[in-house]
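Asks: Sharing a structure with you now.
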Amino acid sequence: MASSSTAAGGGNMKGYFRQRKKTGGITKSNSNSKSKKSSSPDHSATLASDIAKPSSLISHASLDLQDDYDGNEEVLRQFDMNMAYGPCLGMSRLDRWDRANALGLNPPKDVERLLRVGKLHSECLWDGRV
Amino acid sequence: MEAMELDSEDNLQRKQCLYQSLDESFAIRKEMYRGQQYSQIYFARLHLMRTLLYSLLPNWKPHLPVCTVLELEEGKECIIVGTLYKHMKLKPSILDEYSKERSATPLVKPHNFMHPDDDLVLEDESGRVKLAGTVLIPSIYVTGIVVAVQGKETVGGDFLVEDVLEAGLPHQEEQPLESGEDKYVVFVSGLSVGSSSSNPLQFQLLVDHITGHLGDEMEQRVAAEIVQVVIAGNSVEVPHGLLNGQNLASKDQSRLSEPIKELDILLTQIAASVPLDIMPGLNDPANFALPQQPLHRCLFPGSSAYNTFRSCTNPHSFELDNIRFLGTSGQNIDDLEKYSDAKDKLDIMERTLRWRHIAPTAPNTLAFLCG
Numbered sequence: 001m002a003s004s005s006t007a008a009g010g011g012n013m014k015g016y017f018r019q020r021k022k023t024g025g026i027t028k029s030n031s032n033s034k035s036k037k038s039s040s041p042d043h044s045a046t047l048a049s050d051i052a053k054p055s056s057l058i059s060h061a062s063l064d065l066q067d068d069y070d071g072n073e074e075v076l077r078q079f080d081m082n083m084a085y086g087p088c089l090g091m092s093r094l095d096r097w098d099r100a101n102a103l104g105l106n107p108p109k110d111v112e113r114l115l116r117v118g119k120l121h122s123e124c125l126w127d128g129r130v
Numbered sequence: 001m002e003a004m005e006l007d008s009e010d011n012l013q014r015k016q017c018l019y020q021s022l023d024e025s026f027a028i029r030k031e032m033y034r035g036q037q038y039s040q041i042y043f044a045r046l047h048l049m050r051t052l053l054y055s056l057l058p059n060w061k062p063h064l065p066v067c068t069v070l071e072l073e074e075g076k077e078c079i080i081v082g083t084l085y086k087h088m089k090l091k092p093s094i095l096d097e098y099s100k101e102r103s104a105t106p107l108v109k110p111h112n113f114m115h116p117d118d119d120l121v122l123e124d125e126s127g128r129v130k131l132a133g134t135v136l137i138p139s140i141y142v143t144g145i146v147v148a149v150q151g152k153e154t155v156g157g158d159f160l161v162e163d164v165l166e167a168g169l170p171h172q173e174e175q176p177l178e179s180g181e182d183k184y185v186v187f188v189s190g191l192s193v194g195s196s197s198s199n200p201l202q203f204q205l206l207v208d209h210i211t212g213h214l215g216d217e218m219e220q221r222v223a224a225e226i227v228q229v230v231i232a233g234n235s236v237e238v239p240h241g242l243l244n245g246q247n248l249a250s251k252d253q254s255r256l257s258e259p260i261k262e263l264d265i266l267l268t269q270i271a272a273s274v275p276l277d278i279m280p281g282l283n284d285p286a287n288f289a290l291p292q293q294p295l296h297r298c299l300f301p302g303s304s305a306y307n308t309f310r311s312c313t314n315p316h317s318f319e320l321d322n323i324r325f326l327g328t329s330g331q332n333i334d335d336l337e338k339y340s341d342a343k344d345k346l347d348i349m350e351r352t353l354r355w356r357h358i359a360p361t362a363p364n365t366l367a368f369l370c371g
């Protein structure tokens with residue numbers, strides 16, 4: 001079924017919601033309906049349907065798929081997750097590295113290099129999320 | 001009767017001592033409580049103490065293997081090292097306020113939360129195991145001590161303890177014995193100036209004795225051997241009735257500051273004659289959590305004019321003539337007394353030496369600001 005929601009209309013609210021014939025399946029009521037729940041799999045967000053991201057909402061921005069996650073951050077996250085250096089919550093990464101060094105645990109030097117150069121996140125990956 | 005001359009030939013001189021403060025680790029610079037996790041403290045403590053205990057194991061039971069809690073096998077004799085956790089039935093928990101019914105536990109005694117059913121659990125990074133057996137008596141131990149235990153795992157999953165090793169007393173340096181010279185440090189605490197039970201005459205008597213205004217020449221010789229005075233907390237008692245959050249009338253404001261002013265007058269007399277260290281205590285106007293920061297200089301306008309007056313942290317550590325002193329105003333010992341059993345407080349202090357930790361119950365039951 002072709003989706004018709006690629007904002008063909010200008011400010012037309014109906015363009016945001018896929019219209020369906022009343023005879024087929026569960027109908028989605030018209031644009032006054034605020035319900036996002038839908039029992040038809042074609043409407044589900046798991047298919048990354050355009051209903052989830054109406055194009056006008058993303059017309060001036062880029063999709064947030066990257067999430068600041070690159071190779072360096074991956075190295076730092078592995079350092080966070082390594083239990084040998086203790087829990088990562090509650091300390092900045094550099095403090096945790098310094099403490100691991102002071103305790104004689106020999107933390108990896110490239111982590112130190114990345115942290116001191118400093119463009120990356122100074123807090124652990126759970127910071128602000130728990 | 002001989003005339004008392006102000007400048008007699010044998011003017012007694014007070015003995016001198018080299019003083020060095022070791023309080024830097026207790027000073028809070030920019031650290032704030034940001035909702036830190038206690039897990040960091042326990043990790044650091046376990047790591048440092050475990051390294052220490054591992055170095056002692058070869059002298060204790062060298063033939064037995066050391067393993068972590070997860071590596072325990074049933075029936076295998078081994079040694080495990082970890083932090084003790086004492087599960088206490090009567091320990092006050094904030095969640096009790098929300099429990100629908102107060103269960104049949106007896107009324108909480110405010111002075112001691114011990115119960116015959118308390119049990120000990122040993123925990124390291126990999127896991128925890130319940131400790132069984134009669135060797136480890138729960139009433140002596142508290143949460144937060146790091147020990148090594150030897151024994152084996154039972155069928156039920158507990159660890160049957162056969163022997164325990166504490167960190168023990170640290171190595172003492174040999175002090176060269178110097179002939180003849182006796183020097184004394186005076187420790188005072190609980191002056192509670194401003195409380196109904198404090199007697200200003202008694203404090204004045206102490207001041208007179210320290211400064212050498214009391215007694216004949218023999219007494220004055222003894223007083224001249226005092227090289228340091230340390231006031232270890234609870235020096236003032238602010239009238240609590242005024243501290244209820246309401247705005248204070250000006251006469252109440254002066255009542256609030258009376259005890260500190262009175263203390264300052266007396267401390268000025270001491271500071272004029274001997275080096276004086278003052279530490280904050282539980283009732284003093286300082287922060288609540290350990291390490292308590294020094295009382296502010298503005299509280300002591302008279303005494304702080306002297307360079308012999310030092311306001312110090314709690315805990316306080318200093319070195320006098322190469323002998324190291326470390327002490328607190330007692331909150332740690334009081335807390336230990338609530339959670340363990342001992343003949344007297346000196347016994348508890350000895351235990352903190354043997355455990356090599358002055359405040360094992362921090363941050364569990366003793367307020368502590370971790371850095």
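One line per chain: the protein sequences are A and B, in this order.
End of the first sequence sits at 130 in the UniProt record's numbering; the numbers just go up one at a time, nothing left out.
End of the second sequence sits at 371 in the UniProt record's numbering; the numbers just go up one at a time, nothing left out.
Yeah, the Cβ is synthetic: ideal placement off N, Cα and C, and Gly gets one too.
Owing to the predicted nature of the structure, the values given are computational and were not obtained by experimental measurement.
(1) Over what stretch of residues does the beta strand (DSSP E) that includes D324 of chain B continue unbroken?
(2) Can you tell me the Cβ-Cβ gap for E152 of chain B and G75 of chain B, rounded? I've got them flagged as a contact below 8 Å.
(3) Can you round the beta-carbon distance between I270 of chain B and L295 of chain B to whole angstroms, since I take them to be within the 8 Å contact cut?
(4) State the DSSP-derived secondary structure class of G127 of chain B, mapped to helix, strand or coil.
(5) Could you give the C-beta distance for G281 of chain B and G245 of chain B, rounded to a whole number, given that I count them as a contact under 8 Å?
(6) Straight-line CA distance for L267 of chain B to E258 of chain B?
(7) Taking just the CA atoms, how far does Y38 of chain B sit from L95 of chain B?
(8) Could you tell me whether the Cβ of M91 of chain A comes closer than 7 Å to any Cβ of chain B?
(9) By alpha-carbon positions, which one of B:D208, B:N112 and B:V230 ends up nearest to T308 of chain B?
(10) Is there at least one Cβ from chain B nearer than 7 Å to G128 of chain A's Cβ?
(11) Can you list, in chain order, the residues of its chain whose CB lies under 8 Å from that of K30 of chain B, leaving out five sequence neighbours each side?
(12) Is L366 of chain B closer than 7 Å to D347 of chain B when the C-beta atoms are compared?
(13) Report the three-state DSSP secondary structure of M49 of chain B (helix, strand or coil).
(14) Residues in the same chain with beta-carbon distance under 7 Å from L160 of chain B, minus the five sequence neighbours each way, listed in chain order, please.
(15) Might you give, ordered along the chain, the residues of its own chain that have their beta carbon closer than 7 Å to the beta carbon of H111 of chain B, omitting 5 neighbours on each side?
(16) Flag L103 of chain A as yes if its beta-carbon sits less than 7 Å from any beta-carbon of chain B, otherwise no.
(17) Return yes when the Cβ of V164 of chain B is within less than 7 Å of the Cβ of residue 394 of chain B, no when it is not.
(18) The alpha helix (DSSP H) with residue 458 of chain B in it runs from where to where?
(19) Under a CB-based cut-off of 7 Å, is residue 372 of chain B close to chain A?
(20) Among B:P291, B:D321 and B:Y306, whose alpha-carbon lies nearest the alpha-carbon of E24 of chain B?
(21) Throw me the rounded Cβ distance for the Q12 of chain B and A224 of chain B pair, which I believe falls under 8 Å.
(22) State yes or no: is the C-beta of S235 of chain B within less than 7 Å of the C-beta of D264 of chain B?
(23) So the candidates are A:G90, A:D70 and A:Y85; which of them puts its Cα closest to the Cα of C124 of chain A?
(24) May I ask which residues mark the beginning and end of the beta strand (DSSP E) holding Y85 of chain B?
(25) Please identify the residue among B:F113, B:E162 and B:P170 whose C-alpha is closest to the C-alpha of T143 of chain B.
(26) Determine the direct distance from the alpha carbon of D216 of chain B to that of A359 of chain B, and round the result to whole angstroms.
(27) Which residues in chain A sit within 9 Å of E217 of chain B, going by Cβ to Cβ distance?
(28) Can you say whether L118 of chain A is buried or exposed, counting buried as having 16 or more other CB atoms within 10 angstroms of its CB?
(29) Assign L72 of chain B to one of two classes, buried (16 or more other C-beta atoms within 10 Å of its C-beta) or exposed (fewer than that).
(30) Per DSSP, F300 of chain B is paired with what?
(31) Put V227 of chain B into one of helix, strand or coil per three-state DSSP.
(32) At what residues does the alpha helix (DSSP H) containing G71 of chain A begin and finish?
(33) Does DSSP put I278 of chain B in a helix, in a strand, or in coil?
(34) T68 of chain B to H209 of chain B, Cα distance in whole Å?
(35) For a test of the three-state rule: what should DSSP assign to K30 of chain B, helix, strand or coil?
(36) Sorted by chain position, which residues of the same chain lie with C-beta nearer than 6 Å to residue 372 of chain B's C-beta, five sequence neighbours on each side aside?
Replies: Well, looking at it:
(1) Reading off the sequence shown, one finds Arg at residue 324 of chain B, where the question assumed Asp. That run of the beta strand (DSSP E) goes I323 to G327.
(2) Going by the sequence as given, residue 152 of chain B is Lys instead of Glu. K152 of chain B to G75 of chain B, Cβ: 6 Å. Contact.
(3) I270 of chain B to L295 of chain B, Cβ: 15 Å. No contact.
(4) coil
(5) Not quite, the Cβ-Cβ distance comes to about 23 Å (not below 8 Å), so this is no contact.
(6) L267 of chain B and E258 of chain B: Cα-Cα distance of roughly 14 Å.
(7) 19 Å
(8) yes
(9) B:V230
(10) No, its Cβ sits nowhere closer than 7 Å to a Cβ of chain B.
(11) Within the same chain, K30 of chain B has no close Cβ partners at all.
(12) no
(13) Assignment of M49 of chain B by DSSP, reduced to helix, strand and coil, places it in the helix class.
(14) Answer for L160 of chain B: A132, G133, G151, K152 and T154, listed in chain order.
(15) K338
(16) yes
(17) What the structure shows of chain B is the stretch from 1 to 371, and residue 394 of chain B is not part of that stretch, so it cannot be assessed.
(18) For residue 458 of chain B there is no data in the structure shown, the boundaries of chain B being 1 and 371.
(19) A query on residue 372 of chain B cannot be resolved here, the shown segment of chain B reaching from 1 to 371 and no further.
(20) Closest option to E24 of chain B, Cα to Cα, is B:P291.
(21) Here residue 12 of chain B turns out to be Leu, not Gln, going by the sequence shown. Taking a contact as a CB-CB distance under 8 Å, the pair L12 of chain B and A224 of chain B counts as one, their CB atoms being some 5 Å apart.
(22) Against a cut-off of 7 Å, the Cβ pair of D264 of chain B and S235 of chain B comes out as no contact.
(23) A:G90
(24) E77 to H87
(25) The shortest C-alpha separation from T143 of chain B is found at B:F113.
(26) 43 Å
(27) Near E217 of chain B there are no residues of chain A at all, since even the closest Cβ is about 54 Å away, more than 9 Å.
(28) In the sequence under discussion, the amino acid at residue 118 of chain A is Gly, which differs from the Leu named in the question. So G118 of chain A ends up on the exposed side.
(29) Counting the other CB atoms within 10 Å of its CB gives L72 of chain B a total of 16 or more, which places it among the buried residues.
(30) Paired residues: none, contrary to the question.
(31) The three-state reading of DSSP puts V227 of chain B in strand, counting E and B together.
(32) Unbroken alpha helix (DSSP H) run through G71 of chain A: G71 to M81.
(33) Looking at I278 of chain B - three-state DSSP - the assignment turns out to be strand.
(34) Their Cα atoms are separated by approximately 57 Å.
(35) coil
(36) Residue 372 of chain B lies beyond the range of chain B shown here (1 to 371); nothing can be said about it.
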